[in-house]
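> So the sequence lines, in the order shown, correspond to chains A and B.
Everything in the first sequence is counted per the working numbering, starting at 4 for the first residue and increasing by one.
Everything in the second sequence is counted per the working numbering, starting at 28 for the first residue and increasing by one.
Just so you know, even glycine gets a beta-carbon here, dropped at the ideal spot from N, CA and C.
Only a predicted model underlies this, so the values are computations on that prediction, with no experimental measurement involved.
A single structure is presented below for examination.
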Amino acid sequence: MTDQLETAPHPERLQRVVIEPLTRVEGHGKVTLLLDDDNHIKQARLHIVEFRGFEKFIQGRPYWELPVLVQRLCGICPVSHHLVAAKATDMLIGASQLTPAAEKIRRLMHYGQTLQSHALHFFHLCSPDLLFGFDDVVRHRNIVGVIEDHPEIAKQGVLLRKYGQEVIRVTAGKRIHGTGAIPGGVNKSISTDERNYLRKDIDQIIAWSQGSVELIKRIFSEQFDYHMAFASIDSNMISMTGSDGAFEIYHGDLRARDPNGQTIFDHADYTAYDQYLREGVKSWSYMKFPFIHSLGSENGWYRVGPLARVNNCDYFTTPLAEQERIAFRDAGQGRPVQATLAYHWARLIELLHCAEAIKALLFDDDLLSDDLLVKGDMQARGIGVLEAPRGTLFHDYEINEDGLVEKANLIVSTTNNNQAMNESIRQVANHYLDGKQLTEPLLNQIEVAIRAYDPCLSCATHALGKMPLEVQLVNSEGELVDQLQKRANGNIEPSATCENSG
Amino acid sequence: MTDERRTRPILIFAYGNPSRGDDALGPAMYELIDAQQQKAGLLNDVELLTDFQLQIEHATDLQHRQRVVFIDASLTASPPYEFHPVLPAQDLSYTTHAMSPAAILSVYQQIYRQPPPSTYMLSIRGYTFELGEPLSSRAGSNLQTAFEFVMRGQVLTPA
Chain A
4 MTDQLETAPH PERLQRVVIE PLTRVEGHGK VTLLLDDDNH IKQARLHIVE FRGFEKFIQG
64 RPYWELPVLV QRLCGICPVS HHLVAAKATD MLIGASQLTP AAEKIRRLMH YGQTLQSHAL
124 HFFHLCSPDL LFGFDDVVRH RNIVGVIEDH PEIAKQGVLL RKYGQEVIRV TAGKRIHGTG
184 AIPGGVNKSI STDERNYLRK DIDQIIAWSQ GSVELIKRIF SEQFDYHMAF ASIDSNMISM
244 TGSDGAFEIY HGDLRARDPN GQTIFDHADY TAYDQYLREG VKSWSYMKFP FIHSLGSENG
304 WYRVGPLARV NNCDYFTTPL AEQERIAFRD AGQGRPVQAT LAYHWARLIE LLHCAEAIKA
364 LLFDDDLLSD DLLVKGDMQA RGIGVLEAPR GTLFHDYEIN EDGLVEKANL IVSTTNNNQA
424 MNESIRQVAN HYLDGKQLTE PLLNQIEVAI RAYDPCLSCA THALGKMPLE VQLVNSEGEL
484 VDQLQKRANG NIEPSATCEN SG
Chain B
28 MTDERRTRPI LIFAYGNPSR GDDALGPAMY ELIDAQQQKA GLLNDVELLT DFQLQIEHAT
88 DLQHRQRVVF IDASLTASPP YEFHPVLPAQ DLSYTTHAMS PAAILSVYQQ IYRQPPPSTY
148 MLSIRGYTFE LGEPLSSRAG SNLQTAFEFV MRGQVLTPA
């Protein structure tokens, strides 16, 4: 697990392949592949330019506004930011233990958003890759292709997503810009009518979720070795777990394991995250490069998200998901499952767990209670951590005596996976790119590897259609050697004229 | 998860991020129309929705409508705004976390096996989209002109 991205000999002599932006990955990402003189990949760099200004956006704001304000950081997972900010502000006001109603309503919201996010990713963004193969033509290998060939699967994806959004609406009070979670609890309970409304469809949602796990297992088993090997890298993994090791996405401790499954740290209090993690920077990226402090920057990078969570936990508290976890674990043959495409499998186990957990909460009368808020002694620093759909999310605020944020530090899920995504890209590129010829299948392979992480590269602005996929091969002298473009209409243009072809 | 009895015949879906400069044009239009709707007797046939961006589940919001109007900021529209019909199309927005109105219509058509409602796009010209920026003055002016266009009524007349 050496940091070959940065240690290639004579990087100034490497050629570059640039890919931008990534389709089916949100935002304006760009991939640079640096080739050596023998045209092998020595460096891979995923550039993400949108993660700028998050902390600045928060600084100077009153803490009580944060749960609402931070939703605007990201149009993909606003609820994650909403809830993690609420947790951090709980700490600011000294609310160390929420009421049962408040915690359960927040959990319900979180399960709802995780369900809808995972449903979108599988049914809309990645199932075309898995159902049709990576070499299928682009115009078929998208959701329309899925709808045409598997109409029920596509419809289930839409309705699963819709159900998750309804859970959010009921718990947060609105479809978006919800105010449900506030410092110290929540601002509304669930009415009997709302609970009955959500109960009505939950058995169907569970059944569809089960079906999705069966589908991914079938897809994996059809080409098991290939799926396990594609973009596979050995990495450390970090996730939240319950105090007894149970799967946990809302509140718990941090656990880190090495590629062999050995414990690096466990039962770590997340409010002391800065004792366990450090954040590196590199000159070529706006994104930070977090690493496990005890292992150092070279060996301490890690993965978060569904793959880490399902590997790291000891068990699921819901029976159907636990059954699937055991099948998943067995695929690792004694080691954590390291296959990057296994993110999809793990994601759907989580989808199933969320559906089961939603049902359990919908039969818990605490949801109807009006005992919603607690408060304690104000503190100057508040730290919130939870497992967002894409991985562990950290918000850390320091406020002044007026309650205004003086300092903020955010580590978003995609940032945690920063180095791992580069490693997966490099692994794929080393297998499929050898030479100076850029091909559509090669681009597809790289995108498939990145998409497995479901990175969120956007922040909810939407200048759609402006940026086709563009690939450039540039040598160490800065000369364009080859170029490939994917237009907004899906057409792939042949290589541009290159004055310096060799 | 859709209640036909409560569905109003016209849907206005204004979208964007209120904290990203001129991306707030959609939500700002939502606020303006919502204020009008609060006045008795105005826009009773209209349901207003907003979100950060369009996604597949929004196809379900189109059910049982006679007319749909999407409202969004645009970096390419001729100022102050453009208004044009939208037809189902399979564009590349299928492949991102954010979809185009045409792609939403296409999903609607595929999952419900029927033509989508009559749909229009109101694209209001925006200029800057950075996190934390307010609406630019030029975009604000375009918003006002576009709002007057909406309130003249043709936009909201069911086909």
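Taking just the CA atoms, how far does Q117/B sit from A334/A?
Each residue's Cα considered, the two are about 37 Å apart.
> So which residues on chain B does P65/A lean against when the C-beta distance must stay under 7 Å?
The contacting residues do not exist; P65/A stays about 16 Å from chain B at best.
> So, with DSSP's three-state summary, where would you put T102/A?
Reduced to three states, the DSSP call for T102/A is coil.
> Would you kindly report the start and end of the unbroken alpha helix (DSSP H) that includes L138/B?
Before going on, a small fix: residue 138/B reads as Ile here, not Leu. 128 to 139 is the span of the alpha helix (DSSP H), which, as asked, contains I138/B.
> Run through chain A and tell me which residues come within less than 7 Å of E84/B, C-beta to C-beta.
Residues of chain A passing the Cβ test: V161, R164, K165, Q168.
> What runs of the alpha helix (DSSP H), each 4 residues or longer, lie entirely inside the segment 280 to 343 of chain A?
Entirely contained in the segment 280 to 343 of chain A, the alpha helix (DSSP H) runs reaching 4 residues are, in chain order, 299 to 302, 309 to 315, 322 to 334.
> For T87/B and chain A, any beta-carbon pair shorter than 8 Å?
Chain A contact via Cβ: present.
> For G78/A, decide whether its Cβ has a neighbour in chain B, counting only Cβ atoms nearer than 8 Å.
So yes, G78/A belongs to the interface.
> Provide the residue(s) that pair with I352/A in DSSP beta bridges, ordered along the chain.
Looking at the DSSP assignment, I352/A forms no beta bridge with any residue, so it has no partner.
> Applying the criterion that 16 or more other CB atoms from any shown protein chain within 10 Å of the CB defines a buried residue, is H270/A buried or exposed?
The residue is exposed, with fewer than 16 neighbouring Cβ atoms inside 10 Å.
> Going along chain A, which residues have a C-beta under 8 Å from N71/B?
Ordered by position in chain A, no residue passes the 8 Å Cβ test against N71/B, which lies about 21 Å from the chain.
> With a threshold of 8 Å on Cβ separation, who are the neighbours of R328/A within its own chain once the five nearest residues in sequence on each side are excluded?
Same-chain partners within the cutoff: F250, V313, C316, Y318, F319, I352.
> Could you compute how far the alpha carbon of P144/B sits from the alpha carbon of L89/B?
Each residue's alpha carbon lies about 7 Å from the other.
> Can you list, in chain order, the residues of its chain whose CB lies under 8 Å from that of Y42/B, leaving out five sequence neighbours each side?
Counting only Cβ-Cβ distances below 8 Å, and skipping sequence neighbours, we find G53, P54, T77, D78, F79, Q80, L81, F97, I98, D99.
> Counting only C-beta atoms, is P81/A closer than 8 Å to chain B at any point?
So yes, P81/A belongs to the interface.
> Take F57/A as the anchor and find which of M424/A, K410/A, P444/A has the nearest alpha-carbon.
The option with the nearest alpha carbon to F57/A is K410/A.
> Our contact map puts L111/A next to L355/A with C-beta atoms below 8 Å; I'd like the distance itself, whole angstroms only.
Wrong, their Cβ atoms sit about 16 Å apart, outside the cutoff.
> Go ahead and label M290/A buried or exposed: buried means 16 or more other beta carbons lie within 10 angstroms of its beta carbon, across all protein chains shown.
Buried is the call here.
> I need the DSSP call for Y456/A, collapsed to helix, strand or coil.
It is coil, neither helix nor strand.
> E401/A bridges to which residues according to DSSP?
For E401/A, which the question treats as bridged, DSSP gives the partners R384/A, K410/A.
> Can you say whether G180/B is buried or exposed, counting buried as having 16 or more other CB atoms within 10 angstroms of its CB?
With fewer than 16 other Cβ atoms within 10 Å, it is exposed.
> Which residues in chain B sit within 7 Å of A358/A, going by Cβ to Cβ distance?
Near A358/A there are no residues of chain B at all, since even the closest Cβ is about 15 Å away, more than 7 Å.
> Could you please give me the residues that DSSP links to N169/B through a beta bridge?
The partner list for N169/B (beta bridge, DSSP) is empty, contrary to what the question assumes.
> Along the beta strand (DSSP E) that carries F97/B, what are the first and last residues, could you check?
Unbroken beta strand (DSSP E) run through F97/B: 94 to 101.
> Determine the direct distance from the alpha carbon of S168/B to that of E29/A, and round the result to whole angstroms.
Unreliable placement is indicated for E29/A, whose pLDDT of 36 sits below 50; the coordinate value is still reported in the next sentence. When rounded, the distance between both Cα atoms is 30 Å.
> Does DSSP put L257/A in a helix, in a strand, or in coil?
DSSP places L257/A in strand when its eight states are reduced to three.
> Pick out whichever of I96/A, S99/A, A89/A has its Cα sitting closest to the Cα of H558/A.
The structure shown does not extend to residue 558/A, since chain A is modelled only from 4 through 505, so no value can be given for it.
> Residues of chain B with CB closer than 7 Å to the CB of K158/A, please, in chain order.
Within chain B, the residues near K158/A are I138.
> Determine the contact status of Y456/A and G308/A, defining contact as a CB-CB distance below 8 Å.
The answer is yes: Cβ separation under 8 Å.
> Take every Cβ of the segment 189 to 201 of chain A, pair it with every Cβ of the segment 378 to 391 of chain A, and state whether three or more of those distances are shorter than 8 Å.
The segment 189 to 201 of chain A, when compared against the segment 378 to 391 of chain A, does not touch it at the 8 Å Cβ threshold.
> Going along chain B, which residues have a C-beta under 7 Å from H127/A?
Here the neighbours are I83.
> Among L257/A, N239/A, S238/A, whose alpha-carbon lies nearest the alpha-carbon of D247/A?
Among L257/A, N239/A, S238/A, the Cα nearest to that of D247/A belongs to L257/A.
> Under 7 Å Cβ to Cβ from I209/A, same chain only, skipping five residues before and after it: list those, please.
Cβ neighbours of I209/A beyond the five flanking positions: A358, E359, K362.
> Please confirm whether I83/B and L123/A have their CB atoms less than 8 Å apart.
It is a contact, given that the beta carbons lie within the stated cut-off.
> Let me know if P81/A comes out buried or exposed under the rule of 16 or more other beta-carbons within 10 Å of its beta-carbon.
It counts as buried.
> Evaluate contact between the segment 146 to 163 of chain B and the segment 43 to 52 of chain B, counting only Cβ atoms and requiring at least three cross-stretch pairs below 8 Å.
As far as the Cβ criterion goes, the segment 146 to 163 of chain B touches the segment 43 to 52 of chain B, which means the pair count is three or higher.
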